[in-house]
Amino acid sequence: MTGPTRGELWFRLAFSLFGLGLLAATVAIRGIANFAALIEVVGIAGAFFGGTAIWSAIRLWRARE
């Protein structure tokens, strides 16, 4: 078992950055109604997309060496 290929990592990185951009645009346009929404939307979605973007970038960085 070798893990995801470089193409899959690039896709995950691009998809995660796109998701973070949509999340930021949505918050900028619609705002956050209350604290629970902040935790749910920004916390969970931001952690998912941000974590995936960071993980993919690190794997791509290490693979080039």
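Numbering (the working numbering), first residue to last: 50 to 114. Quick reminder that beta carbons are idealized off the backbone N, C-alpha and C, glycines included.
Residue of the options minimising C-alpha distance to residue i
i	options	result
G68	I81, I93, T54 and T51	I93
F60	A85, A106 and A73	A106
L72	L87, N83 and L58	L87
Three-state class that DSSP yields for residue i in the structure shown
i	result
G100	helix
T51	coil
G56	helix
A82	coil
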